[in-house]
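**Q**
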Amino acid sequence: MLETPNAARRVSAFADAVSPAGIRPLPGAARFALRLREADATGEAAGFRLDQPLNTFAAQGDRLSLRLGPNEWLLIGPEADADAIAAEIAAALGTRFHTLVDIGHRNVAIEVKGPHAADILNAGCPLDLFDARFPTGTATRTLLGKAEIVLMRLDDAPTYRVECWRSFATYVHDFLTEAAQEFDAGT
Amino acid sequence: MAGVNRLPRGGRIDRAKPVSISFNGQTLSGYAGDTVASLLLANGIHLVGRSFKYHRPRGILSHGSDEPNALLSIDRGPGKIDPNNRATVAEARGGLVTASQNHWPSLNFDVGAINDRLSPIFVAGFYYKTFMWPRRFWDRVYEPNIRAAAGLGKSPDGPDADRYGNRHAHCDVLVVGAGPAGLAAALAASEGGKRIILADEQAEFGGSLLHDVTSTVDGTAAQDWAAQAIAMLKARENVTLLTRTTAFGYYNHNHVAMAERITDHLENAPDHLPRERLWQVRAGAVILATGSHERPLVFADNDRPGIMLAESIRAFVNRYAVAPGRRIVIATSGASAYRAAADAHAAGLAVTVVDIRLEADCGPEVAFVRQKGIDVLTSHTVIAATGRKRVTGLIVAPLGSEGRVGARRTLAADCVGMSGGWTPSVHLFSQSRGKLRFDDAIDAFVPGQSVQAERSAGAARGSYDLADCIADGFAAGDPLTARPRLAATPSLTGFQPVRILPTDADATRVRAFVDFQNDVTAKDIGLAVREGFESVEHVKRYTTTGMATDQGKTSNMNALGLMAGIQGKALPAVGTTTFRPPYTPVTFGTLVGPAKNALFDPARITPIHGWAKEHGAEFENVGLWKRAWYFPQGRETMHEAVARECKAVREGVGIFDASTLGKIEVVGPDAAEFMNRIYINAWTKLKPGACRYGLMLKEDGFIMDDGVVARLAEDRFHVTTTTGGAARVLQHMEDYLQTEWPDLRVFLTSITEQYAVIALQGPKAREVIAPLVSDIDLSGEAFPHMTVRTGFICGVPTRLFRVSFTGELGFEINVPSDHGRAVWEAIYERGRAFGITPYGTETMHVLRAERGFIIVGQETDGTVTPDDVGLGGMIAKAKPDFVGKRSLARPDIVAAGRKQLIGLVTDDPSLVLDEGAQIIDDRHRPVPIKALGHVTSSYWSAACGRSIALALVAGGRERMGETLYVTTPDSFAAARVTAPVFFDEKGARVHA
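Line by line, the protein sequences give chains A and B. Throughout the first sequence, residue numbering follows my numbering, covering 1 to 187 in sequence. Throughout the second sequence, residue numbering follows my numbering, covering 1001 to 1992 in sequence.
#1: Do residue 1248 (chain B) and residue 1430 (chain B) have their CB atoms nearer than 8 Å?
#2: What are the boundary residues of the alpha helix (DSSP H) that residue 1188 (chain B) is part of?
#3: Bridge partners of residue 1708 (chain B), per DSSP?
#4: Note down, in chain order, every chain B residue with its Cβ under 8 Å from the Cβ of residue 168 (chain A).
#5: Determine the chain B residues that contact residue 146 (chain A) at a beta-carbon separation under 8 Å, and present them in chain order.
#6: Using a Cβ-Cβ cut-off of less than 9 Å, give me the residues of the region 1807-1818 of chain B that come near chain A, in sequence order.
#7: Should residue 1832 (chain B) and residue 1905 (chain B) be called a contact, given that it needs their Cβ atoms to be closer than 8 Å?
#8: Report, in whole angstroms, the separation of the C-beta atoms of residue 1003 (chain B) and residue 1030 (chain B), which I expect to be a contact under 8 Å.
#9: List the residues of chain A that residue 1161 (chain B) touches, going by C-beta distances under 7 Å, in chain order.
#10: One question on the structure: do residue 1889 (chain B) and residue 1682 (chain B) come within less than 8 Å of each other, judged by their Cβ atoms?
#11: Chain B partners of residue 165 (chain A), CB-CB under 9 Å?
#12: Counting only runs of 3+ residues fully inside the region 1395-1445 of chain B, write out the beta strand (DSSP E) ranges in chain order.
#13: Leaving aside the five residues before and after residue 1926 (chain B) along the sequence, list all residues of the same chain whose C-beta is less than 8 Å from its C-beta, in chain order.
#14: Which residue from B:1225, B:1982, B:1194 puts its Cα closest to that of residue 1208 (chain B)?
#15: Give the secondary structure of residue 1830 (chain B) by DSSP, where H, G and I count as helix, E and B as strand, and everything else as coil.
#16: Please state whether DSSP places residue 1012 (chain B) in a helix, a strand or coil.
#17: Using the Cα positions of residue 1620 (chain B) and residue 1828 (chain B), report the straight-line distance between them to the nearest angstrom.
#18: Starting from the Cα of residue 1404 (chain B), find the closest Cα among B:1821, B:1356, B:1680, B:1394 and give me that residue.
#19: Assuming the contact rule is C-beta atoms closer than 8 Å, residue 1051 (chain B) and residue 1511 (chain B) should be a hit. Round their C-beta distance to whole Å, please.
#20: Would you please verify whether the beta carbon of residue 1821 (chain B) is less than 8 Å from any beta carbon of chain A?
#21: From the DSSP output, in three-state form, read off residue 1751 (chain B) for me.
#22: According to DSSP, simplified to helix, strand and coil, what is residue 1804 (chain B)?
#23: Using a Cβ-Cβ distance cut-off of 8 Å, determine whether residue 187 (chain A) contacts chain B.
#24: Could you please give me the residues that DSSP links to residue 1621 (chain B) through a beta bridge?
#25: Just to confirm the assignment: which complete beta strand (DSSP E) runs, minimum length 3, are found wholly within the region 1489-1543 of chain B?
#26: Residue 12 (chain A) and residue 1907 (chain B) - do their beta-carbons sit closer together than 8 Å?
#27: What residues from chain A crowd round residue 1598 (chain B), counting only those whose CB sits closer than 7 Å?
#28: Residue 1072 (chain B) bridges to which residues according to DSSP?
#29: Using beta carbons (cut-off 8 Å, strictly below), is residue 103 (chain A) in contact with chain B?
#30: Answer yes or no: do residue 1868 (chain B) and residue 1898 (chain B) have a C-beta to C-beta separation smaller than 8 Å?
#31: Cβ closer than 8 Å: which chain B residues qualify as neighbours of residue 192 (chain A)?
#32: Between residue 1664 (chain B) and residue 1719 (chain B), which are expected to be in contact by the criterion C-beta below 8 Å, what is the C-beta distance as a whole number of angstroms?
#33: Would you list the residues sitting across from residue 1258 (chain B) in a DSSP beta bridge?
#34: Could you compute how far the alpha carbon of residue 99 (chain A) sits from the alpha carbon of residue 1711 (chain B)?
#35: Should residue 1956 (chain B) and residue 1918 (chain B) be called a contact, given that it needs their Cβ atoms to be closer than 8 Å?
#36: What are the uninterrupted segments assigned as alpha helix (DSSP H) that are 4 or more residues long and contained completely in the region 1759-1808 of chain B, given in chain order?
Put into C-alpha cells, the structure is as follows:
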C-alpha cells in the first residue's frame, strides 16, 4: 500500500486562465455547506457566526460565515483547516441537529476589485450593487449571465468575491474578463 | 466650406473639425456635429433612397429618429456593415461608407420604379387577392419571388466583428428624454440626492432646444439655460447621464430596456469599447419626457425629395447650419411652422407660407412673419407637388366657402416644409400598459391612467409651450416641492387637424402618402374601409400602415383620422393600435450582448476534460456539459473506435470520466425515511457501506430518474442521479422536503462538482488500482459488488464505489475535483501495462445496452412505469407510501397491453436499426398500420458480433420469440423478440 499523503497534485479550474487587472482567481479553500434549523442558529460555532441577518456574512480572522438562507450557511476557511473545522463544528453544535457537507472542491472563487468592480459584475448580475444597497458585508446567491454565483462584498475598495461551481469557472471568469475589457484599457 | 448649402454662420457643428464620408461612392465633406442627413443636405443631396414598394425616389423627411425614408446602408469596416440606418440619426464621421438602398442598377435609374407605374395593381391587399391560385404555384413561384422582392436593405452575411455590452442598473428615477421637460425633471428629481438616470437618444442633451435659437428661458438664451442645466446635472454624483441612449422597451415592474450607442460615432474607436450596450434598468419611478412628432400633410406626391417636415427645416438651418433649399415653401395647418419660416428667412432663405386655415382661424403667427416680409397665403390648399427626384414646386389653390377649390397656381420651390400638427410620443407610455386618452383640443392621444410608477411630462403629454414644458418637468421630477414657474418665450402652438388636403383632382389618381416607409397612400386606407375593414387593427394589417420600422411615428394620426373620416366616426371611436417594443430599431448585437461564442452558454467541463482533449476525444453536449464521446485513434471512424473501446472494457480495462453524474448528499437522522419516501426502493435495511440501484417516480407513477445510492453512514447517503437530471432531482427532493415533510430531520446538498468520478471498468480493473489505493481492502470478499468504501487513492481521500454500468468488474472512484486529473493520470499510467483504454459515452451506452440496463430519457419518455421496463420487482411493497405509489394503481397503469421493454435481434445481424423506428406485427396489413411501439436503443455489439436493440413494445414480454417488423428508411426489417439482455445473461462478470 502506498502511503503518500497528498501525492496527487492539484489542478485548479483556473489553470489556463489569463486575467485582467482587478480580476483574480483565488486559491483553494476549505468550504462547507452547513445546514441548521433556524431556531438553533444562535451565537457562533468554531469561529463561524450563525446568527447574522440573512444575505450577510461575518468574518472572524480567516473564517467566513455566509448566511445564504434561514437554515443555510456557506463556511469558508483556510484549506489546511478543513479537518479541524469539521471537528470543531461537530463539537460546537453537539446534539443540535445539523448537517455539514464538504464542498471545498465544488466551488471556486474569483476576486473582482477596483472602482469599476460593480459595473463589471452588473454586466451579468441583475442586483443593485449600489453602496447603500449592497454594502460591505453582503453575501447572496445570484446570477452572473447564465451561471449561478454567490456574491460577497468584502470591503469598500470595493472588493467582491464571486463563488461558483467548478464547471462554471471558465464561463464566469471569461464573462468577467469580457466585461472588464473596456475598463481595463480605458482607465 | 463643407457643402454648397452650408450656411456661413451658426449651428452646433464644429467648423474646426471637418469630416468626410462616402455616399454611393462619392466623397462628401461636412463637420463634426453633422448627421449623415445634414451632411448630405449641405452637399445639395436630397435623393437618398427608393421606397419600399413602388421604388419611388425619396428624400429626407425628418431630422430625428422618426425618419421613415432616409434609410442607408452604413459600412464601418470589415464585418461592420448594417442596413437601414436612419441618415437623420447616424452621426457623420470620417471613414463612414454609406449607400442608398432598394434600387437597381442605381439610385438615379431604378428598374424597380416600374412598380410605381403599376401602382393601380399594387393596391392594399394585393398579395391576398392575387396569389390565390393556382394553389401549387405558392411554394414554387409566388413565395420565392415575394421573398426575393420583400425586405428593405441587405442583411450582412458575415459574422459581426463588433463586441456588445450589457449592464443591469437601478435608480430611483429614470428620466427618458433630455429636452426642456426632461432636463427640468432631472434637475428637480436629483436635488434631494435620489439616484437619477437621464437618457436621451441624441448625441447631445437639449432636445428641441438644440435647434431653438430665438427662445429665452428665465432671461437667458434657451440653449444656454439647457447648457447650465446639463452642467448642474453633471456636477451631481447621484445623476448618471446617458447620451446616444434610446429607451426602447418598457416592461413590467418599471423594467426599461435601453440601447446605448458607444462607438459608431468615433472614427478610431478603441478596441476595448463595445459598440453598443444594452441597459436593463429597474427604476423606482419613470418620467417619460419623450417629446412629440410632427405630422406630414397628405397631398398628391407629398413624398418627393425636398419635401420635409417644417420643424426639420428649422433644425437643419439652426442646428446644422444647412440650407435644405434656397427657395422654401412652408405648407401648414398650424402655428409652429411659422417659427420654421421665420428662422429660414433669418438665415437668408426665400420663404413663402401656405396655410390651409382660414385667416380668421390663425393666430398671431401670421402677423409675426408678415412683419418680417414673408408672404403668407392663408386659406390655401396644396393640390400637388411637382418634380420627381427633387421637388420643383407646389401647386396650390385658394379654398372657397364650402370647400370649393379655386384657381391653381404653382409656387416654385426647391424645398417644402410641411406641418400637419403634432402627435405626443406616447409609445413608451403605451408599452407600460398605460391607458391612452383622446384629447380633442390637441387632436391627439395623450397619456391617461398610468399603470406603473410612471409620469409623462412636457410635449409627451401634449404640453407644447416651452414654459409649460419646463414647469411640467419640475412637477414631474419633484411633485412635493412647488417651484417658481420660469418665464420663457411663448411658443407658437395650435393647429387645425386636416386628414387629407382638399383637391380638385380625380381622387382615384392621386398618390398622397400616409405611411412613407411602407408606401401606404390615402387611397389604400379608403379601399380598406370600403372593403369592410372597420377595426383599426385590421386596417393596419391589411394596408400595413404604421407597421414599418418607424412604427408610424409620423403617419399614425393621419391614418386614424382618415379612417374616422371615411367611417363618419369621431377619432376616439376608431381608437389606436398598440405600441410595441422596440421604439426604434435595435441591433441584434445589442440584444445578444456578450452572449456569443464561448459566452453563448456556459460549457461545463469536468476536471478531466483537458486530458480527454489532449488525447483526441470527440465531445458531445449533454445539457451544458461537454462529455468525451469517443477517443478515435489515428484515422478510426466512430464505429471502429467504439468497437475497440468496447472490446477493451470486456477483455481488459477501460477508463471513463463519469464526473458529470449528479450527486446529492442526503444527511440527517431521518435520511433513510426520506429516501424511502422519494424512491420506490426500501432503504431502511441497507447497511452503511452498501449501495443500491434506486429508481424514483414523479407523482404520476412514471419513472423520473435513477442512479446508484451509497449509504455512507446511518445518517448519510451519497445519491447519484443522471447527468441531465441532477438539478431536477435536487429540486424535486427539496420541494418535497420543504413543503410536504418539513418535520423530517434531513438536509440535502449538491456534491456533483465536489468529486471527479473515474469509472474503471473491466476484468483488470482491480489489478490496476490495487497499488494506488490505501486503507481499503480491495478483495472480492471484503469489497463485493455494490458496496462503497472510503480510504485513499494516490494519497487523496476517496469514496470508492464498486459498481458497474458495463456489466464488468468495476469501480467508480470519487476524488475531490482538483485531484481528479492527477488521479486519472496515475491510474492511466499504471494501467498502460494492462492495455488501459479511455472510452467515451458512446461505448458506455453500448456496454450497458448489451446488459440491458436502461437509460432514463432513452428507454423512458415520461410515460414509462417501473414494470414497463421490467423493474417492478424493485418496488418495496411493504412501504406505506412513496412518491408515485398511488398512481401505480391507476386503471390504465395496471391494464394489460402496456408497452414493455424487450430486446430485438434483427434477422440480418449486420443491420443496426434506427433508434425511434416504429414496430408492427404484420408488414402485409393494409396501411395505416397501428404501431406496437418503437426502438429505444440500437447499437452494433462487438461482444455479441451482431446488432442489438432495445424496444418498448405493447405486451412485449408476452411476445418472446415472435418476429416483428421495424421500419427502415425504405422498408421494414424483420426482428425477433428476446429478453432485453444480450451478454452475460446471468450477470456473473461483475462479481469477478
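Quick reminder that beta carbons are idealized off the backbone N, C-alpha and C, glycines included. Everything numeric in this text was worked out from a predicted model, so none of it was measured.
**A** On the basis of the coordinates in this document:
#1: Going by C-beta atoms, residue 1248 (chain B) is not nearer than 8 Å to residue 1430 (chain B).
#2: Membership of residue 1188 (chain B) in the alpha helix (DSSP H) is indicated by the continuous run 1180-1190.
#3: DSSP lists B:1693 as the bridge partner or partners of residue 1708 (chain B).
#4: Simply 1602, 1604.
#5: Correct list: 1595, 1601, 1602.
#6: Under the 9 Å Cβ criterion, the region 1807-1818 of chain B contributes 1815, 1816, 1817, 1818.
#7: It is not a contact, given that the beta carbons lie outside the stated cut-off.
#8: Between residue 1003 (chain B) and residue 1030 (chain B) the beta-carbon gap is near 6 Å, inside 8 Å, which marks them as a contact.
#9: In chain A, no part has a C-beta under 7 Å from the C-beta of residue 1161 (chain B); the shortest such distance is about 15 Å.
#10: In this structure, residue 1889 (chain B) keeps its C-beta atom at 8 Å or more from the C-beta atom of residue 1682 (chain B).
#11: Chain order gives the chain B residues near residue 165 (chain A) as 1604, 1750, 1752, 1753, where near means a beta carbon separation below 9 Å.
#12: Taking only runs of at least 3 residues, the beta strand (DSSP E) segments lying wholly in the region 1395-1445 of chain B are 1409-1412, 1415-1419, 1422-1424, 1436-1439.
#13: Hits under 8 Å: none found.
#14: Looking at the Cα atoms, B:1225 is the closest of the given residues.
#15: In the structure shown, residue 1830 (chain B) sits in a helix (DSSP, three-state: H, G or I).
#16: In the three-state reduction of the DSSP assignment, residue 1012 (chain B) falls in the coil class, being assigned neither a helical nor a strand state.
#17: Distance between the alpha carbons of residue 1620 (chain B) and residue 1828 (chain B): 22 Å.
#18: Out of B:1821, B:1356, B:1680, B:1394, B:1356 has the C-alpha closest to the C-alpha of residue 1404 (chain B).
#19: Actually they do not touch by this definition, with Cβ atoms about 11 Å apart.
#20: It does: the Cβ of residue 1821 (chain B) has a partner Cβ on chain A nearer than 8 Å.
#21: Coil, per DSSP.
#22: In the structure shown, residue 1804 (chain B) sits in coil (DSSP, three-state: anything other than H, G, I, E or B).
#23: Here the model assigns residue 187 (chain A) a pLDDT of 41, short of 50, so the residue's position is not dependable and the matter cannot be decided.
#24: B:1626, per the DSSP bridge assignment.
#25: Every beta strand (DSSP E) stretch that sits fully inside the region 1489-1543 of chain B and reaches 3 residues is listed by chain position as 1513-1515.
#26: Contact: no.
#27: Within chain A, the residues near residue 1598 (chain B) are 174.
#28: Beta-bridge pairing links residue 1072 (chain B) to B:1085.
#29: So, interface residue.
#30: Residue 1868 (chain B) places its beta carbon less than 8 Å from that of residue 1898 (chain B).
#31: Here chain A has residues from 1 to 187 only, and residue 192 (chain A) is not among them.
#32: The Cβ separation is near 4 Å, so the contact holds.
#33: Looking at the DSSP output, residue 1258 (chain B) shares a beta bridge with B:1247, B:1279.
#34: The alpha-carbon atoms of residue 99 (chain A) and residue 1711 (chain B) are separated by roughly 15 Å.
#35: In this structure, residue 1918 (chain B) does not lie closer than 8 Å to residue 1956 (chain B) by Cβ.
#36: Within the region 1759-1808 of chain B, the complete alpha helix (DSSP H) runs of at least 4 residues are 1765-1769.
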